[in-house]
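2 protein chains.
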Amino acid sequence: MGKPTTTRRTSIGSQRNPASEEAILQAAQAILLEGGLQAFSIEAVAKRAKAGKPTIYRWWPSKAALLLDVYHRQKDGVPHPDTGDVREDLVQFLAGLMGFWRDGGGAIFRSIIAEAQSDAGALEALQSYVLSRCLQTGEILRRGQARGTVRNDIDPDLVIELFSSFAWSRLLTSRLEVTRQQVEQIVSAVVDGVAAESQHQ
Amino acid sequence: MGKPTTTRRTSIGSQRNPASEEAILQAAQAILLEGGLQAFSIEAVAKRAKAGKPTIYRWWPSKAALLLDVYHRQKDGVPHPDTGDVREDLVQFLAGLMGFWRDGGGAIFRSIIAEAQSDAGALEALQSYVLSRCLQTGEILRRGQARGTVRNDIDPDLVIELFSSFAWSRLLTSRLEVTRQQVEQIVSAVVDGVAAESQHQ
Numbered sequence: 001m002g003k004p005t006t007t008r009r010t011s012i013g014s015q016r017n018p019a020s021e022e023a024i025l026q027a028a029q030a031i032l033l034e035g036g037l038q039a040f041s042i043e044a045v046a047k048r049a050k051a052g053k054p055t056i057y058r059w060w061p062s063k064a065a066l067l068l069d070v071y072h073r074q075k076d077g078v079p080h081p082d083t084g085d086v087r088e089d090l091v092q093f094l095a096g097l098m099g100f101w102r103d104g105g106g107a108i109f110r111s112i113i114a115e116a117q118s119d120a121g122a123l124e125a126l127q128s129y130v131l132s133r134c135l136q137t138g139e140i141l142r143r144g145q146a147r148g149t150v151r152n153d154i155d156p157d158l159v160i161e162l163f164s165s166f167a168w169s170r171l172l173t174s175r176l177e178v179t180r181q182q183v184e185q186i187v188s189a190v191v192d193g194v195a196a197e198s199q200h201q
Numbered sequence: 001m002g003k004p005t006t007t008r009r010t011s012i013g014s015q016r017n018p019a020s021e022e023a024i025l026q027a028a029q030a031i032l033l034e035g036g037l038q039a040f041s042i043e044a045v046a047k048r049a050k051a052g053k054p055t056i057y058r059w060w061p062s063k064a065a066l067l068l069d070v071y072h073r074q075k076d077g078v079p080h081p082d083t084g085d086v087r088e089d090l091v092q093f094l095a096g097l098m099g100f101w102r103d104g105g106g107a108i109f110r111s112i113i114a115e116a117q118s119d120a121g122a123l124e125a126l127q128s129y130v131l132s133r134c135l136q137t138g139e140i141l142r143r144g145q146a147r148g149t150v151r152n153d154i155d156p157d158l159v160i161e162l163f164s165s166f167a168w169s170r171l172l173t174s175r176l177e178v179t180r181q182q183v184e185q186i187v188s189a190v191v192d193g194v195a196a197e198s199q200h201q
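As they're listed, the protein sequences go chains A and B.
Residue numbers are given in UniProt numbering: position 150 of the first sequence equals residue 150, and the series is strictly consecutive.
Residue numbers are given in UniProt numbering: position 143 of the second sequence equals residue 143, and the series is strictly consecutive.
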């Protein structure tokens, strides 16, 4: 709730009516809750929200774009860690994301990734979503750079993608069970580097 | 050619006849080349290889398992770098994999990942393939540990997954265009760590 949605990027720029937008998103969420992905279609959402299909398509260019917005709202419970320590922020981010997916939140996302492999609209929505997420989560590393604890010659968005990608491949192979120790080891590999002490350049 | 296939793990243990196995794999490859994924089915492969469907299913428990074997044979051109330097091996591995996918080799793999999101047989074949690939590629880091250039307290298979996962997410979002510099930066992030000099633990 209240968290900015990500669709403004993917909309074609038409002004949204906040009340209608909210009604559409709530209808979409209700359909997913009650009938799952099989029940989800722009047609069903339009009917339930008492909105026109053209209105929905004006604001969300594809079914995947609308699904991604609903998915993003469901992620409200996942924290955006800002503990003052990059290592701890990264552990909380990665553990939080994989935990959310493991507890059922991953079903929509994996279906969108699957759809994006054969549907250009879904691919476009997914690309846009991924870029906005990397920008957002890259803040963890940018804050570290500002504090002087993270190298300035690394690209935060590229490095954060290493972590989110790891979560993706675990989601897509149903291997989301990780221990806190494994998450810490992954974070340590990237924060401290895997090189032996003498090898640091 | 000649590289061991990965299916022995997924087969149910029945003895394979090398000549029939080769005929089936070649038929599968020819069908993919000529008709693409749409043309690919166990039935079509059986017909072309003059083999029985039960024979194929005995050796490959799912269409995805057979597809993964064909895919793996096509990857023969992708080098298994062993330059004596972990950093260079990792750069070559990541650049080689993404280049192979970019040049067309990724189409089968992304379709299998998509299928695995709704098909249990495909998921099982994919899991098995991923684990075997991480073991194989993890050798890069294990060799570094043996040479004393890589920390002994990191799990090679877990760390190598960071790199392959990155390639996955780029494949699945059609963002395989990376510069050599970006690949080197990703490798440096993990080898050297992203922490500023003073922060290394």
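Ideal placement from N, C-alpha and C gives every residue a C-beta, glycine not left out.
Model, not experiment: these values are computed from the prediction.
message = Beta-carbon within less than 8 Å of Gly121(B)'s beta-carbon, same chain only, minus the 5 sequence neighbours each way: which residues are those?
response = Your numbering for residue 121(B) matches position 121 in the second sequence. Excluding positions up to five away in sequence, the list reads Pro61, Ser62, Lys63, Ala64 and Ala65.
query = Which residue comes first and which comes last in the alpha helix (DSSP H) that contains residue 207(A)?
reply = Because chain A in this structure spans residues 1 to 201, residue 207(A) falls outside the shown range and cannot be described.
ask   = Hey, Val194(A) and Gly106(B): beta-carbon distance below 9 Å or not?
value = In the first sequence, the residue the question calls residue 194(A) occupies position 194. In the second sequence, the residue the question calls residue 106(B) occupies position 106. Result no, Cβ atoms of Val194(A) and Gly106(B) do not sit closer than 9 Å.
task = Give a yes or no on whether 9 Å exceeds the smallest Cβ distance from Leu158(A) to chain B.
result = Translated into the one-based positions of the first sequence, residue 158(A) becomes position 158. Judged by the 9 Å Cβ criterion, Leu158(A) is in contact with chain B.
query = Do the CB positions of Val159(A) and Val190(A) come within less than 9 Å of each other?
reply = Within the first sequence, residue 159(A) is the residue found at index 159, counting from 1. Within the first sequence, residue 190(A) is the residue found at index 190, counting from 1. Yes, Cβ-Cβ distance for Val159(A) and Val190(A) is below 9 Å.
ask   = Given Pro4(A), which residues of its chain have a CB within under 7 Å of its CB, disregarding the five upstream and five downstream residues?
value = As a position in the first sequence, residue 4(A) is number 4, starting the count at 1. Note that Pro4(A) scores 43 on pLDDT, short of 50, meaning its location in the model is unreliable and no value can be drawn from it.
task = For the alpha helix (DSSP H) containing Thr55(B), list its first residue and its last residue.
result = For this step, residue 55(B) is matched to residue 55 along the second sequence. That run of the alpha helix (DSSP H) goes Lys53 to Trp59.
task = Please compile the residues from chain A whose C-beta is within a distance smaller than 7 Å of the C-beta of residue 266(B).
result = Here chain B covers residues 1 to 201 and nothing more, so residue 266(B) does not appear.
ask   = Could you check where the alpha helix (DSSP H) with Ser174(B) kicks off and where it finishes?
value = As a position in the second sequence, residue 174(B) is number 174, starting the count at 1. No alpha helix (DSSP H) holds Ser174(B); DSSP gives it neither H nor E.
Proximity winner among Gln117(B), Ala125(B), Glu161(B) and Ser174(B), relative to Ala125(A) (alpha-carbon distances) = On the first sequence, position 125 is the one that residue 125(A) refers to. Out of Gln117(B), Ala125(B), Glu161(B) and Ser174(B), Ser174(B) has the C-alpha closest to the C-alpha of Ala125(A).
inquiry  = Could you compute how far the alpha carbon of Ser41(B) sits from the alpha carbon of Ala167(B)?
reply    = Here the question's residue 41(B) lines up with position 41 in the second sequence. Here the question's residue 167(B) lines up with position 167 in the second sequence. Taking the straight line joining both Cα atoms gives about 27 Å.
request  = Say whether chain A places a C-beta atom closer than 9 Å to the C-beta of Arg16(B).
outcome  = Numbered from its first residue, the second sequence carries residue 16(B) at position 16. Closer than 9 Å: no.
inquiry  = Is there a C-beta anywhere in chain B that falls below 9 Å from the one on Gly105(A)?
reply    = As a working mapping, residue 105(A) is identified with position 105 in the first sequence. For Gly105(A), the answer is no, since every Cβ of chain B falls outside 9 Å of its Cβ.
task = Name the residue from Thr149(A), Lys75(A), Arg180(A) and Pro81(A) whose alpha carbon lies nearest to the alpha carbon of residue 202(A).
result = Outside the modelled stretch of chain A, which goes from 1 to 201, sits residue 202(A), for which no answer is possible.
message = Is the beta carbon of Val130(A) closer than 9 Å to that of Phe163(A)?
response = The count along the first sequence starts at 1 and reaches residue 163(A) at position 163. The count along the first sequence starts at 1 and reaches residue 130(A) at position 130. Their beta carbons are not under 9 Å apart, which means Phe163(A) does not touch Val130(A) by this criterion.
query = In the DSSP assignment, what residue or residues form a beta bridge with Val150(B)?
reply = Counting from 1 along the second sequence, the entry for residue 150(B) is found at position 150. According to DSSP, which records beta bridges pairwise, Val150(B) is partnered with Ala195(A).
message = Pop quiz: Ser111(A) and Ser165(B) are said to be a contact at Cβ under 8 Å. What is the actual Cβ separation, rounded to whole angstroms?
response = To locate residue 111(A), count along the first sequence from 1; it is residue 111. To locate residue 165(B), count along the second sequence from 1; it is residue 165. Contact flag wrong, Cβ pair sits at about 19 Å.
message = Does chain A have any CB closer than 9 Å to the CB of Trp101(B)?
response = By 1-based counting over the second sequence, the position of residue 101(B) is 101. No, because no Cβ of chain A sits closer than 9 Å to the Cβ of Trp101(B).
request  = Output yes if chain A places a C-beta closer than 9 Å to the C-beta of Ala195(B); else output no.
outcome  = As a position in the second sequence, residue 195(B) is number 195, starting the count at 1. Chain A contact via Cβ: present.
request  = Look at the Cβ atom of Ser169(B), then the Cβ atom of Ser132(A), and state whether they are nearer than 9 Å.
outcome  = Position 169 of the second sequence, counting from 1, holds the residue named residue 169(B). Position 132 of the first sequence, counting from 1, holds the residue named residue 132(A). No, the pair does not count as a contact, with Cβ atoms beyond the cut-off.
ask   = What's the gap between the Cα of Ile154(A) and the Cα of Val183(B)?
value = The residue given as residue 154(A) occupies position 154 in the first sequence. The residue given as residue 183(B) occupies position 183 in the second sequence. A direct Cα-Cα distance of roughly 12 Å separates Ile154(A) from Val183(B).
task = Rank Thr55(A), Tyr57(A) and Asp69(A) by C-alpha distance to the C-alpha of Gln26(A) and give the top, closest one.
result = Numbered from 1 along the first sequence, position 26 holds the residue referred to as residue 26(A). Looking at the Cα atoms, Asp69(A) is the closest of the given residues.
Own chain residues within Cβ distance below 7 Å of Glu115(A), not counting five before or after = On the first sequence, position 115 is the one that residue 115(A) refers to. Counting only Cβ-Cβ distances below 7 Å, and skipping sequence neighbours, we find Ala64 and Ala122.
request  = Tell me, please, whether the CB atom of Ile24(B) is closer than 9 Å to any CB atom in chain A?
outcome  = Your numbering for residue 24(B) matches position 24 in the second sequence. No, because no Cβ of chain A sits closer than 9 Å to the Cβ of Ile24(B).
inquiry  = Is there a Cβ of chain B sitting closer than 9 Å to that of Arg48(A), yes or no?
reply    = Mapped onto the first sequence, residue 48(A) falls at position 48. It does not: the Cβ of Arg48(A) has no partner Cβ on chain B nearer than 9 Å.
message = Please classify Arg180(B) as buried or exposed, where buried requires at least 16 other C-beta atoms within 10 Å of its C-beta.
response = Sequence index remark: in the second sequence, residue 180(B) carries index 180 (1-based). Counting Cβ neighbours within 10 Å, Arg180(B) comes out exposed, since fewer than 16 surround it.
inquiry  = Can you list, in chain order, the residues of its chain with a C-beta nearer than 7 Å to that of Ala44(B)? Leave out the 5 residues immediately preceding and following it.
reply    = Within the second sequence, residue 44(B) is the residue found at index 44, counting from 1. If we look at Ala44(B) and ignore the five residues flanking it on each side, its Cβ neighbours are Ile31.
ask   = Can the beta-carbon of Ala51(B) be found less than 9 Å from the beta-carbon of Ser20(B)?
value = Numbered from 1 along the second sequence, position 51 holds the residue referred to as residue 51(B). Numbered from 1 along the second sequence, position 20 holds the residue referred to as residue 20(B). Yes, Cβ-Cβ distance for Ala51(B) and Ser20(B) is below 9 Å.
message = Please report the straight-line C-alpha distance between Arg58(B) and Ala23(B), rounded to a whole angstrom.
response = By 1-based counting over the second sequence, the position of residue 58(B) is 58. By 1-based counting over the second sequence, the position of residue 23(B) is 23. The straight-line gap from Cα to Cα measures roughly 15 Å.
key: Interface positions of the UniProt domain "HTH tetR-type" (18-78) of chain B facing chain A (Cβ-Cβ less than 9 Å), listed along the chain   = Cβ contacts with chain A: none found.
inquiry  = Within the continuous alpha helix (DSSP H) that includes Lys63(B), where are the two ends?
reply    = Position 63 of the second sequence holds residue 63(B). Note, Lys63(B): alpha helix (DSSP H), Lys63 to Gln74.
key: Between the CA atoms of Gln29(A) and Ala49(A) - distance to the nearest angstrom   = The residue you call residue 49(A) lines up with position 49 of the first sequence. The residue you call residue 29(A) lines up with position 29 of the first sequence. Distance between the alpha carbons of Ala49(A) and Gln29(A) is about 11 Å.
ask   = For Pro54(A), does the count of other Cβ atoms within 10 angstroms reach 16, so buried, or fall short, so exposed?
value = Position 54 of the first sequence holds residue 54(A). Pro54(A) is exposed by the Cβ-count criterion.
ask   = Could you check where the alpha helix (DSSP H) with Lys50(B) kicks off and where it finishes?
value = As a working note, residue 50(B) is residue 50 in the second sequence. Note, Lys50(B): premise wrong, no alpha helix (DSSP H); not H, not E.
message = Are the CB atoms of Ile56(B) and Asp89(B) within a distance shorter than 9 Å?
response = Locating residue 89(B) in the second sequence gives position 89, where the first residue counts as 1. Locating residue 56(B) in the second sequence gives position 56, where the first residue counts as 1. No, these two residues do not count as a Cβ contact at 9 Å.
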